[in-house]
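Here the structure is laid out as structure tokens; the discussion comes afterwards.
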Amino acid sequence: MKKRFYELDALRGIATVIVVLCHFMLFREDAQIGFRLFTNIIDIFFILSGFVIFMTLTKIKSSKDFIINRLARLYPTYWVVVTFTFCLILFHQTFSEDFAHITLSDYLANMTMFQFYIGYADLDGPYWTLIIEMLFYIVMLIIFILKCQKYIHHIGIVASSLLAFFAYYPLPSAYETLFTNALLDIPLLQYIPLFFAGILFYNIFIKDDHKLLKYVGVAFYLVAQIMLFDYSGRAQYFMSHLEYGVMLTIYFGLFVLFINGKLKFIVSKPTVFLGKISYALYLIHQFLTISFLIPYLEESWGINFWIASIVIALPIAIALAALITYYVEVPVNKYVRNKYRKDIIRTETTQNI
């Protein structure tokens, strides 16, 4: 039976709610109350992804298994959310002349999840991380196909070393431009140390050998990502380099607690529930709440920001995310995997006749 790491579910759920609250507060001076320090909270998701995806690779038998697993997990929920958000934007456009006009082409491009590479903007803010995740999946799939899993830590160390070196070493302007463009064109590069830190955390978790050396590796990935601060993400616009380093160290510390069985204190029914709906909540919350619900409640109904955001908008986003999770993500994922499993059994039976 598949083991469930409820600490990771809870951590994912808590982090997602913090993302939502950050988006509520960041651009309101009267409401920031320290939330700017969590503008790099997305880093937790990249570490989580490294942990979970490499764990998945150790359990699958073929590249097709991995592809089906990822497609069934990501696309159904994403398609529903993109469609919902597109319709909501169209509805909003009829009442807001100054709002950016979107077309069917924008919608169709976003449905691919690769709009970054086909020249279309994201329909909603949170989608920017998805291309990073997809690129990571492609890299891991290539590593799996080439049977290079045993070299995974060498790959991570070399890639992170090169990125950190180029980020800190003074380069001639032409090479500096080349490096910057590479990071912009392949956004995964901005977060490579985080993904490989997640992989290393998984290795420490399942293998009780060379722990000191592995923790040195974790520290290396932490430092490498801190060195990439000026080139990665949006946190640099809201927090200092030092603040980023402190917060990232805390995030790494949470994973150290987890792999040592010390993170169970965050596990509860609410946090695990939030973890279960976290993907849908992350995708659906931004335009729905920040561009639509909260302004409407404040301007048309005169409702206080705190009531509009925390008491009304957040529960609505959570409720919609739960509906999408339980009526789309879970059943579709189950159906696709069961059908795929039956197809495999049928194929094996036919071959044995």
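Under numbering that gives the first Met the number 0, the first residue of the sequence shown carries the number 0, and numbering increases by one thereafter.
The C-beta atom is built at its ideal place from N, Cα and C for all residues, glycine as well.
First and last residue of the uninterrupted alpha helix (DSSP H) at residue i
{"i": "leucine 292", "result": "From DSSP, leucine 292 is part of no alpha helix (DSSP H); its letter is neither H nor E."}
{"i": "glycine 155", "result": "151–167"}
{"i": "glutamine 92", "result": "62–92"}
{"i": "histidine 240", "result": "240–258"}
{"i": "tyrosine 230", "result": "Neither: tyrosine 230 is in no alpha helix (DSSP H) and is coded neither H nor E."}
{"i": "valine 182", "result": "First, the residue type needs correcting, since residue 182 is leucine and not valine in the sequence shown. Residues 172–184."}
{"i": "alanine 316", "result": "313–323"}
Buried/exposed call for residue i, threshold 16 Cβ in 10 Å
{"i": "aspartate 229", "result": "exposed"}
{"i": "leucine 103", "result": "exposed"}
{"i": "methionine 0", "result": "Any reading at methionine 0 needs caution, since the residue's pLDDT is 40, under 50, leaving its predicted position unreliable; the model's value is listed next. Burial call: exposed."}
{"i": "arginine 11", "result": "buried"}
{"i": "asparagine 202", "result": "buried"}
{"i": "isoleucine 13", "result": "buried"}
{"i": "cysteine 21", "result": "buried"}
{"i": "threonine 76", "result": "buried"}
{"i": "aspartate 8", "result": "buried"}
{"i": "threonine 93", "result": "exposed"}
{"i": "glutamate 328", "result": "buried"}
{"i": "valine 19", "result": "buried"}
{"i": "isoleucine 40", "result": "buried"}
{"i": "phenylalanine 257", "result": "buried"}
{"i": "histidine 284", "result": "buried"}
{"i": "leucine 47", "result": "buried"}
{"i": "proline 169", "result": "exposed"}
{"i": "aspartate 208", "result": "exposed"}
{"i": "valine 310", "result": "exposed"}
{"i": "threonine 176", "result": "exposed"}
{"i": "isoleucine 144", "result": "exposed"}
Candidates the options: closest to residue i by CA position
{"i": "valine 79", "options": "Trp300, Ala279 and Ile289", "result": "Ala279"}
{"i": "isoleucine 293", "options": "Tyr119, Ile13, Arg27 and Asn259", "result": "Arg27"}
{"i": "methionine 54", "options": "Tyr136, Gly33 and Thr93", "result": "Tyr136"}
{"i": "histidine 240", "options": "Ile130, Ala312, Phe304 and Thr38", "result": "Thr38"}
{"i": "valine 222", "options": "His209, Ile205, Tyr190 and Leu253", "result": "Tyr190"}
{"i": "tryptophan 127", "options": "Gly232, Leu89 and Asn303", "result": "Gly232"}
{"i": "isoleucine 249", "options": "Phe90, Thr84 and Ala218", "result": "Ala218"}
{"i": "threonine 324", "options": "Lys275, Ser308 and Phe304", "result": "Lys275"}
{"i": "valine 215", "options": "Lys333, Met112, Leu199 and Asp207", "result": "Leu199"}
{"i": "phenylalanine 291", "options": "Ile17, Phe83 and Lys58", "result": "Phe83"}
{"i": "leucine 262", "options": "Leu253, Ile317 and Phe286", "result": "Leu253"}
{"i": "tyrosine 167", "options": "Leu273, Leu73, Val266 and Met226", "result": "Met226"}
{"i": "arginine 72", "options": "Ile52, Leu87, His91 and Ile156", "result": "Ile52"}
Other residues of its chain near residue i: CB distance less than 7 Å, five sequence neighbours each side excluded
{"i": "glutamine 224", "result": "Pro192, Leu193 and Leu247"}
{"i": "methionine 110", "result": "Trp78 and Val81"}
{"i": "arginine 35", "result": "Leu25, Phe237 and Met238"}
{"i": "glutamine 148", "result": "Leu56 and Ile142"}
{"i": "arginine 404", "result": "No answer is possible for residue 404: the residues shown for the chain start at 0 and end at 352."}
{"i": "alanine 108", "result": "Gln114, Ile117 and Tyr119"}
Per-residue DSSP class, three states only, for residue i
{"i": "tryptophan 354", "result": "Because the chain spans 0 through 352 in this model, residue 354 falls outside it and cannot be assessed."}
{"i": "phenylalanine 135", "result": "helix"}
{"i": "asparagine 39", "result": "coil"}
{"i": "aspartate 8", "result": "helix"}
{"i": "alanine 204", "result": "Note that residue 204 corresponds to phenylalanine in the displayed sequence, not to alanine. Of the three classes helix, strand and coil, the one that applies to phenylalanine 204 here is helix, per DSSP."}
{"i": "histidine 100", "result": "coil"}
{"i": "isoleucine 276", "result": "coil"}
{"i": "leucine 262", "result": "coil"}
{"i": "threonine 111", "result": "coil"}
{"i": "cysteine 21", "result": "helix"}
{"i": "proline 308", "result": "For clarity, residue 308 is serine in the given sequence; the question names proline instead. Looking at serine 308 - three-state DSSP - the assignment turns out to be helix."}
{"i": "tyrosine 106", "result": "helix"}
{"i": "alanine 14", "result": "helix"}
{"i": "methionine 0", "result": "Here methionine 0 scores only 40 on pLDDT, less than 50, and its place in the model is too uncertain to base an answer on."}
{"i": "glutamate 356", "result": "A query on residue 356 cannot be resolved here, the shown segment of the chain reaching from 0 to 352 and no further."}
{"i": "phenylalanine 237", "result": "coil"}
{"i": "tyrosine 119", "result": "coil"}
{"i": "leucine 140", "result": "helix"}
{"i": "lysine 58", "result": "helix"}
{"i": "leucine 221", "result": "helix"}
{"i": "histidine 284", "result": "helix"}
{"i": "glycine 33", "result": "coil"}
{"i": "leucine 145", "result": "coil"}
{"i": "serine 48", "result": "helix"}
{"i": "arginine 336", "result": "helix"}
CB contact below 8 Å: residue i versus chain C
{"i": "phenylalanine 237", "result": "Among the protein chains of the structure shown there is no chain C, as only one such chain exists."}
Cβ shell of residue i (< 6 Å), same chain only, five flanking positions each side left out
{"i": "leucine 187", "result": "Ile131, Leu134 and Phe135"}
{"i": "phenylalanine 45", "result": "Tyr190, Leu193 and Phe194"}
{"i": "isoleucine 43", "result": "Ala14 and Tyr250"}
{"i": "cysteine 86", "result": "none"}
Chain-order list of residues whose beta-carbon lies under 8 Å from that of residue i (same chain, five-residue window excluded)
{"i": "leucine 140", "result": "Ser62, Phe65 and Ile66"}
{"i": "lysine 357", "result": "Here the chain has residues from 0 to 352 only, and residue 357 is not among them."}
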